[in-house]
Each structure stands twice: as structure tokens, then as C-alpha cells.
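Chains as they are written, first to last, in the numbering used here: chain A, 1 to 763; chain B, 764 to 1526.
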């Protein structure tokens, strides 16, 4: 047994290091405003048939962008300028106020400055307008005065029954409804398609749309969420789940504001089979600070956010390119049933690269079945080998064609019938920039593409075409592929990574559980000096907590004299450890309050004296020690629960010793978790081989271990005012699992006490 | 002290697992052919002024590609078709043989089939043609008969004084010389520029050129190397080092054929300040098999190849996109002097993403100096904060312009003068697809770009423009930026990664050392049954080897009786270890031949009996044991030398225990290394904190440790027929370093004995 690792070892680096964030409006208990936001209302909100632009003038870039975006999506409804001074805007007649509109509109896009917004909301109500977008900044992101302003805005809108997107947002576009109250440049052509996008940083949508355009990735709705004062990320998830045009959801996240609502929406998306792909920023301190500065969002501890996304089966990506390539794969292609991949290329180098990247993503590239090999070989030059991954070599491309089909096409036909493959990834959908001027060549090419597209649509296993590098889809390709609704993956690196992402999403389906409601506090911190003091439980009390929850605890007895200690040792079995059991001292080892490996009466007596003296020196005169049995020959695990200011109790699991202390090899989950989830946590540890019998250890029964850890999590989460609960070490040998040392710290009556009262998860 | 880890622990997983490769022609001692290849000859080879196409016909796709590529680069010299049958090819008069050419040509591109090539070589010689490209396959990559054919081809060419590129290659293009005997599609427009490209898989060059085109990255020479029968990768490196048009070198590598020549060329490139960026495949077993199948190349142990690239200061990348983005950065931009980065964008989300990616690459984003903040704030809306990373917000873009300069431009001016920054990364070089039809707008835009381009050229610190995502550079951008010789980094992910790569290259300059000559054997393997048997040294002999090289070895004495063992223990200091010292048993622990931590005479006597009995049981009746002092309280390191079939002796350094056994946390280098290099190896270990005082250990004196490890490497490499030398553990405590257990295995007179006779590194 090693000395106990203090809770701060884990929590400082992994669990609760984040600052405490400002609350989001949705979490401030604005239940009146929440009740306005129903799925029907959201569907209506994102598909207005008439729009007023309040504050639009000829010199406003925002207004110009909205007009251009509306043209880009083919918006044919009315777009009424409203301006207190100008009579004409963009050649259209303007009215001074929403109250003066000639007809009712579905949505008012408010471009007016911050100080004018409240009056415009009143005007909207008077004009019976139920939906507004607020572009102005200067709210929550601008500090406490801004936060008050935002609260008032929400209250006013709610009072009028108005649903509001923003403030500090750029609006949205909806290709299916052909509407775009969207104050940003839209790169053209904009393609309709299966990808819905929600962004917590609206200006970034230009970049996403530029990449989508370049790869001919079609979008359904793009929404800039701004400060989420009323419509939140969770609401937009719900909108996408309900939206028939959206098959896959992309998010750009700076924070996850309301874990309960977010997890409920993620669960609904998972149930609906609509994958969520998220580019969540804040992996670095610098990124967290940047997010704080730009939108007032507190990214929180990124390791916890990462665990949350994993729990919610949300695919986390790290670039715009990976976000959209993954979404396109999920939106346009059927998913493989497994990881056995056929690969067809016209370049040996491409085979090498794909094999390397595929291996990283956990794909297999098994040999072709004999029949496949034979069928492919018939179309290859004699020197080429018909193996998987396949290089048809350039010879075939280079020789004059007698048929529209190339060697890759024949190989595709053969590979799609191979019983040993789950899917085929193929290159060779190569289309020139422009239609060949030679009509015969053009016809040959087009009949080939038509054949390929039909093959892709009707293949018994997924046939996924990929380009070799991430370059724009040319105009002619866009036209030909678009006509066949075929999508090319964007180059080998992104393409294979997207495939790995998609398969992981598939593996994770059906396991999304709701996260508890947990409200961030705005102005205090866990370690703040103002709150009530933290309470350290005596180890005996902590052991009782766990034992009561069914967690096996190493035999131990309290002793109040050297004689009692000797007696206790005989009762629990020697050798023993003698430890301070005090509700004042959390770091027993640091003060000399732990003696290990004691066998003889003498050793035990002397240890009793030493340990109680140390305890007395550290402020505990009780003379009471805990005598516990020693365990050897197993593996030591750490299981700790800390409390994250954003997400509540977080379970950390790692291996003892250097794994946690030097390598920070820890897996995290927000509680609650079940034993299966703990099993997956153990599977993420780099030190896993130690548990499975590496270095000659007895293989641990991972199911037993996972059950015990899950019980520890449950016990910890049930403690009112929990701050930390740490079992270190949790000893495991085969199917024996025992908590050897337990620490519990609480801080009852703090603002963010857990479990919270009267809030229910999700809605 | 833990039990010794057997050499196979390290070697099996890290050092020498690769199969033994086929030899390259250059390594087969073809010194006659080598002497033909001089820098002058290579310069001539890659810039022919007249070309014959042997085997060209109207139906040959290869010939069509060459004609198209020649047109693409503006080739204006003669292109003579040579065909035994056809009289006209592509409307040009053909001659039946090279002997019938109307004029001498500089280069013959041989498209003829494999069986005809030898005769064409003779024809070329008769026609006084000194340079040929051979496209045909069926040589080395096709097995042993092909290898013989290739040897004959090289001998024939050499005999004629002919220099040959290929076989099994697609030729080359040279934009500066406007010549392209290159049998592949060239995506247009092809831009001249600073990037030289050499590929071991020619067909992949289409993909590289497509990405280069899309990002407006200019190339100098692109060479498909094929089987490297005469012109090798090292030769092409030398060509690029000498070529004034090439500033940066891109390689696609399946293998590193001749470490000595390759390292010498890499050293010359480093000295010339021309970075080498390499996409080396074979990181996975699947990738290695793919490479083997497609070109006959054996990728070898990827971990060793990775170490080699690091030692040679070659930037290793993992995608075509990263390869070319890194090359473009190095080719077009001045390099920063340090890692303090200013960031300017018009999107908070972009700031977040850049901050995260920059942090991964080790960049700092420090606060602006007060003067910078003040200057920037003057051009921002009041609600925006003038901080680094900077989001100028969309407001400025959205409002009608009175000056060509935007807020980003003003911020750029200010940031470039900030004394706390080493470089500025900025977005906002946004140019529409086509020239604006409004002439006033177009003029404003063009004057802004002109201003920005001048600013980039004249900035006191590097000002590096970047696009937000990896999309094609449009036609108008290409024209405007091309006219100013400005290059945009390809999106945030690739851009920041390229910056990290470039800075690491800069950090590594001046440290490239030659690798020893080490010739692969074609038909045997290290563990092959045919060769001489391996010899296990007794530990005492192994200790003497190290001690003789100045390596501190823990005190130890041989003992041939229990009494001698007790005496030895007193001499070396108790507690002691008693171990078999046999030249027959390498895995002492496994046979029970090690007893640790012995203090009393009794313990030592009993250990002597146990250990000698175990030795006797394992086949050693000498009755001789080694008694060594025990060491405690330090950190245990492993230093092992194994022999890689491709690169010769390889040093592995790791921390003892789980770090090597469970985590495979090992750093590798091909020998020789100096202590500084070993210091960098230690710095790569995840377990480094244990050496620097983590977990309460005494901080190790890393300089002393590195010196000892370097000496171990030198001692091992000096052993004729070395197979393995492993010090495990190497004990370190502060500045005390001692080898506690040493194993040496040799196999003298094997084919690939090291050090090799009479070969000199490089040339």
C-alpha cells in the first residue's frame, strides 16, 4: 500500500480547476420564457415567411448582408425595412416603426443599437410579431451591467410572448424554407443538404459555409446563437431533431451552458439517429481565456467537457474541416456495419497513406476473398497484384479507353460483393474542372459517373468515394455529383478520420443518459473565502458511508490506546496500517499520521504512539487511530469524485502510482454512471495492461471493479454538500476489490450544494 | 532494484522488429554508377533542352500525358517521338530508333515495355544520349528476377556512362527550366515557386500537385523516383540543395534506402538552410505491408525511421495537406525568431480555435504592450476589447468604408511594432472570387491588398496571413496575391500546425550528424537459422566492456563458492545481489538466477546455493556468480542498443518499470549520439517528471546521465557483431549514475556485421 494521494492531486489537475462561470439566462430559472419555446414554435421561428429589418439603412453592412443572404437562398417573401429616419432603404419604402408596417410579419430582425432594442421589442409586441432576432452586443458578454440588461430584455420579451434569438447574434439561414435573416456573407453557391449548424460564435459561420461550399456539402439551417438569452443550444438541437431536412448536427461550442437540458436534447438526437458533431474550443488555457474575452463564456475544465461530450455520444472534432467532413459523411452516406475496409486507388502511395490512417482509426484492411481477387485481377496489368488495399496502377488510366468503366470500377463491383468487407472506400471519382469539349469523351465520362453513382446508391455494403486531397469540388463535379446526390470525402486524412468518427458514434449509440441539473453560480467560487468552511470526515465515518453503499472496505477498527491497537490488529489480520482517524486532518501522510506494514505488537504499539503524537501536533488530541489490514500483490486504483462548478460531481478513475501522479492518466465522467460506463472508463486508461495481467499481475475482474467504482460514485453523489470523495488506493486482485483508504470532504449549505433542490433533469 | 528486463522486452517492440529489406542498387556497392552522379550532372539531367519519347504512340496515355505536361510548363524545345512502327505520333514525324534522330537530344524518356528497355539503352548510347528516364515496371518491385533485371539495367547504363531515373517512375517536371517529361496529369494552373518535391510513389504526385494548385503553392521541380536504381532520394536532395529555385524540399517516402548517403544529403540541406519536410508512410503494419506490395520497399520499423528523421532535422508530417502547407510556409515566409504570437481575426470563434491549436504547438499568445492596445483600440468599436488574440468583430467589416484599410489592417500595423511579439498571424486577406464589377470598390480592394502585401514584405517581424479554412485560393486571389508574391496559410488547423513544424525545424538546425553506412541484406534475417549462432556474454565480461568505456558500473565481484560470495559482499558493500554470471544464460531472472537484497552471511550463502543450482539447471555448471552492491532510493533507467537491419545500432532510452513495459515510453536514436542528443531523448519521455524530482525523488543530474548513456552507446557500437547491449537498470540518484545489470549479445561474422568494413559514411 502506498501513502494516500490527496484529493487535490486529482482535482487540481483534472476535475475542478475551472473558474466558476456566469449563469446563462436559461439556467436562471426563467421558466416563463422556457414555456414559450416549444418544438412547434421553433419550427415556426426558423421558417418565417415575412421579415422586418429594424434599423436597416443603406449604409448598414449588416442590412446589406441580410439582403444578399436572402437573395442567395432565393427568399421570395417580403423584407420590410424599418427605420426612424430613412424613407427608402435599398430602394424599398421604409416605415418608421414596426407599428407602421402595412402587414403583420413573422419575424423582426433587430439591427438597432443596444439602447434602442427594448423599445423595438415593445413595437414588435404591438405589431403582433412573435419572433425576433437581436443583433446588438453589450449584454451578458459585457459584464454585470450587461447581464442585468439581458435579464430585462428576456423578461420584456417573455412578457409579450415573444421568442428571441440572441442578443449578440447574426441570425440564421434555412435553405429548405428559402429564408435567410442572416447578417453575414454567404459563399455561393449555397447547397441545400442534410447538415444543420448551430454556432456559439456567429462570425465563424462564414468560415464553415466557405468550407461547406468548397466541398459541396449541403446545409439545412445555420443558426448563430449569440448569448442564448432565450433560444439555447439545447433548443436548437431539439429544432434539428424535429427538422426533417436535417440528418446530422454540427455545433461550434464555447461552453455547455445547461447540462441537464443539453443532455436531454443530445439524448433525443441519439434516439432519432441524428449524430451531433461538435467543435468545442477551450482545450487550452489560452483558448479558454479567448472564449471568456469574446463572449463571456467560461469554457470550464476542458477535461470535464470532453468527458461530457463522450457521455452524450457527441463526436468531438478539432477543426472546421474535420467538423464538416464528418458531418458530410454522416449526412450523405450509409454507415458501415463494421470495421473491415476495402480500399481501391490508382496509387501505391495512396494505399500506404490510407493504410496508416485507417490503422490509427481502428479499421482493418483484410485480404480480399479469392473470388474478389480473381475478378479484380482480370482487369489489372499482369505485374499488378490484386490485393487489399488495391492499387490498380496508372497503366489502366493511361491506356486509351474502349469502355466507360476503368479498372477501379470493375474492382469496385467485385469488392462490393466480398463477404469479408463491411465497406469499400474508393478513389477515382475524378472529374475534370470543366466538361470535356470532345462530346464523345464527355458522354463516356458522364455515363461512367452515372454508373458509379448508381453503384454507390445500390451497393450491398457502403461504397464511399473519396478524393485524394482536400481541394475544392469543381463546378463540373458539383453539377454531375449533385445531380446524383453523391458526395466525395474531402481527401485521405480528413476522410479516414471522419470514418473513424462515424464508427465511434455508431458504437456509442443508445447509451446517452441525462445529466443532473446543476446550476452555475455567478459570483462565488468553490474555494471562495466567503462561504461556510469545508468539513473533513474522519476516515471511519467515510468508510461507513461506502460500506453502507455496498462498497467493500478493508477490515479496520478504531483504537484509542496502544493496547486497543494491538487487539485491533489481531482482529483485522496482520500486517496492518495505523492511521490518524480525525475529522480535522485530510493529508494524514503529510503530517506523519500513517504507519504501514506493521506486524509485531511492538511495531504496532510504537506506531500508535508515533501516529497519535503526529495527530496531536496537527491539532487532533483524540488519541484515536484506525487500524486496517494491509493488502499486497494486487493493483492499486484511484477512484475519486470531485465537484465541477459547471457539471456537478465528476468521477475520476485512474491507476495508482505514476499513472495518476506523473502521467495524469485519468478517465473522467460526470455522475451518475453505471458499471458499463465505468468499464469504458477503465478501457481508456493507458495503464490498462496492469489491470489485465501485464507485468505478471493477477488479472483484475474488471466487471467487479467497475461495479465497486460505480457504487463509490453513487455513494459520493448522495452526500449533501459534497466537495470531494476519494478512495486511494482502491485495491484489486482478481475479483477481490477493497477500499484501503477513504477521504470525504463536504461543505454543506454552500450556494451550489449538491444534490440541488427541486430541479429535475431535462424537461 | 527490480529484476532485469530482458533485451527482448525493448527490442521486440521498439528496436529491431522489422523484417530485413531488399538492398537498393545504390547500396549494392555500385560505385561506378555513383561516380556518374555529380551535382553538375543532376542539374543537367533535370533541365533537358531536347527530349525523345521512346515508344510513344497516339494510343499511349503516358505519351499524351507527357505532351500535355510539356505544354503545361511551356516547354518549347523539341519532343521527338521514337517508335519502331508508327511514322507519325501526335502529328509529329517519328523515327524508328534513337539512332535515327535528326539531332542529338539531352534526354530520352523510355516508354517502351520492360523487355525492350535494354536495347533502347544501347540505342541511347549510340545516339550519345547521356540521360534517360525509364517508366517500365517489373524490376526490383517484382521480386528476385526483377532485381536481377534491374542490376543488369544499371550495369548497362553505367557502362555507357548513362544516368538513369527509374525504372518504375513517371519522370519529372521542372518549372524553372520549363520542361516536363512527366507522365501524369498536371492540374492547371501550375505555379512556379520555391517547393521542390521528390516522391517514391510517382502516381501520388497528381494529388500533391492538385493540392499545391488549390493553395497556389508554387513548385520548382517534381521528381518521381521510382526504384532509385541510379538516381536516389539522396541524389535528389542534393539536386534540390544546389537548385537556386528550390527553397524547401518535400519528400514522400516509403523507405530510407541508404542511411549514410541520405544523412549526408540531409546535413547539406540543413547547412544550406533548406528545410526538408517528409511524409513517411509505414506508421502502421498495414501501411508497411501496403508499401511492400506496391513498390517492394520495406518500410522497416517505423519507430526507428521516426528517430532517424528527427536526428536529421527532417520535419515529419502525416498528410499531403500538412506536407505542402508546411513547405509553403517555409518557402514563402520569413521564419519567426521565437514563439510569441500575435493573432488578429474578425471572429471570436477563430480566436478560440487558434489559441487552442497554438497552445498544442507550444506557442504563446502574450498580452499586447500598452501602446499596441491603445493603437488598436482607436480602431475598434467601444464594446470590443483590444487584446491578444484580437477579434476586431464584424462591426468594422459591416460598416461602409471610408478608407481602404480595415480595423485588422490598423491592428496589424500596431502589432508588428509590439516589442513583445515574435510574429503576427492574421486573417482578413479575404478576396472575392472575381474582381468586383464596381470599379471604385475594386480599386479600393486592390489598394488595400497592395498595402497589405507591402506591409508583409517590409514588416520588422514576420506578418503571416492565413485563411480560416482550407479552401481553394480563387482565381482573383491567385492573381492579386501572386502578383505580390504573397502566400496565405491554408486554414487555421493546417496553418498553426505548419508554424509549429517550421519552428521545430528551426530549433533543430545545426545538429544533423552523419549516420554510419549500414547495408541491408537481401535474403537473410537477424534471427535466421542459417547464420552463425548468437553469443551471450557473461555479465562480468559485459561489465568490463562498459567499465573500459568509462561507464560507471556498480561494484561487483565474481565468486566461485559461498565463502567467496560472502567475502565479495563485504568488499562491494551490503546489501548485495547474487546473480548467475554465465555466457549461456541471457534471461537470468527467468531461470531463477537472481537473488536480491541480501544482507546477512546466511542469506548470501543460501542465495549462492540457489543461484548456482538454477544455473546448473539452465545449463551452466561453472558455479560462478556475480555479487554486486544493491542501490536504492534512485530512479531506474533503461539504456539499450539493438541492431536495426536498416539502420544498424539503435539506442533506446526509457524509464524502468511500467514506463517501458506497459507504456512503451522509449526514445530511440540511431547511433552515434552525443550527450546533448541523449539529453533531448530524455526530454521526449513521458516519464521525465520522475527524473526531474517528481514523486519526491531526488532530481537526477540529466547531464551526467546523458553522458553515461552516450558512453554506453559508444561502447556498444564498438563491439564487432553486436546484436544487443542492454543496461537495465541504469540507476541514477542525483549525479550518481551506475549500471546495475548489463547484457551483451553478439553474432560475429554475420552478413551484416557492424561496424562494416571499409565503407565510409556519406560521400
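The beta-carbon is built from N, C-alpha and C at its ideal position, and this holds for glycine as well.
Contact with chain B by residue i, beta-carbon distance below 8 Å
i	result
residue 662 (chain A)	yes
residue 495 (chain A)	no
residue 255 (chain A)	no
residue 425 (chain A)	no
residue 736 (chain A)	no
residue 658 (chain A)	yes
residue 201 (chain A)	yes
residue 778 (chain A)	Nothing in the structure corresponds to residue 778 (chain A), since chain A is present only between 1 and 763.
Environment of residue i [buried if 16+ CB atoms lie within 10 Å]
i	result
residue 563 (chain A)	exposed
residue 1507 (chain B)	buried
residue 85 (chain A)	exposed
residue 657 (chain A)	buried
residue 715 (chain B)	Because chain B in this structure spans residues 764 to 1526, residue 715 (chain B) falls outside the shown range and cannot be described.
residue 665 (chain A)	buried
residue 346 (chain A)	buried
residue 746 (chain A)	buried
residue 726 (chain A)	buried
residue 38 (chain A)	exposed
8 Å Cβ cutoff, residue i in contact with chain A
i	result
residue 1449 (chain B)	yes
residue 1233 (chain B)	yes
residue 1077 (chain B)	no
residue 1083 (chain B)	yes
residue 1013 (chain B)	no
residue 1121 (chain B)	yes
residue 1240 (chain B)	no
residue 1454 (chain B)	no
Expected contact under 8 Å - CB spacing of residue i and residue j to nearest Å
i	j	result
residue 902 (chain B)	residue 834 (chain B)	About 30 Å separates the two Cβ atoms, so there is no contact after all.
residue 1152 (chain B)	residue 1174 (chain B)	About 11 Å separates the two Cβ atoms, so there is no contact after all.
Residues near residue i by beta carbon distance below 7 Å, same chain, minus five either side
i	result
residue 571 (chain A)	557
residue 1286 (chain B)	Low per-residue confidence applies at residue 1286 (chain B): pLDDT is 33, beneath 50, and the placement is therefore not dependable enough to give any value.
residue 1168 (chain B)	1211 and 1214
residue 468 (chain A)	350, 427, 491 and 492
Same chain, Cβ closer than 8 Å to residue i, neighbours up to 5 away in sequence not counted
i	result
residue 150 (chain A)	25, 139, 140, 167, 227 and 229
residue 268 (chain A)	237, 238 and 241
residue 28 (chain A)	At residue 28 (chain A), the pLDDT of 43 sits below 50, so the modelled position is not reliable; the number obtained from the coordinates is stated separately. Correct list, in chain order: 151.
residue 1224 (chain B)	1099, 1100, 1179, 1184, 1185, 1186 and 1187
Contacting residues, own chain, Cβ-Cβ under 6 Å from residue i (five flanking each side not counted)
i	result
residue 236 (chain A)	198 and 223
residue 97 (chain A)	123
residue 202 (chain A)	169, 170 and 224
residue 528 (chain A)	Only weak support exists for where residue 528 (chain A) lies, its pLDDT of 43 falling under 50; the value from the coordinates is given anyway. If we look at residue 528 (chain A) and ignore the five residues flanking it on each side, it has no Cβ neighbours.
residue 498 (chain A)	325, 326 and 329
residue 1422 (chain B)	1428 and 1450
Residues sharing a beta bridge with residue i, DSSP
i	result
residue 221 (chain A)	A:174
residue 276 (chain A)	A:249
residue 739 (chain A)	A:553 and A:730
residue 429 (chain A)	None, per the DSSP bridge assignment.
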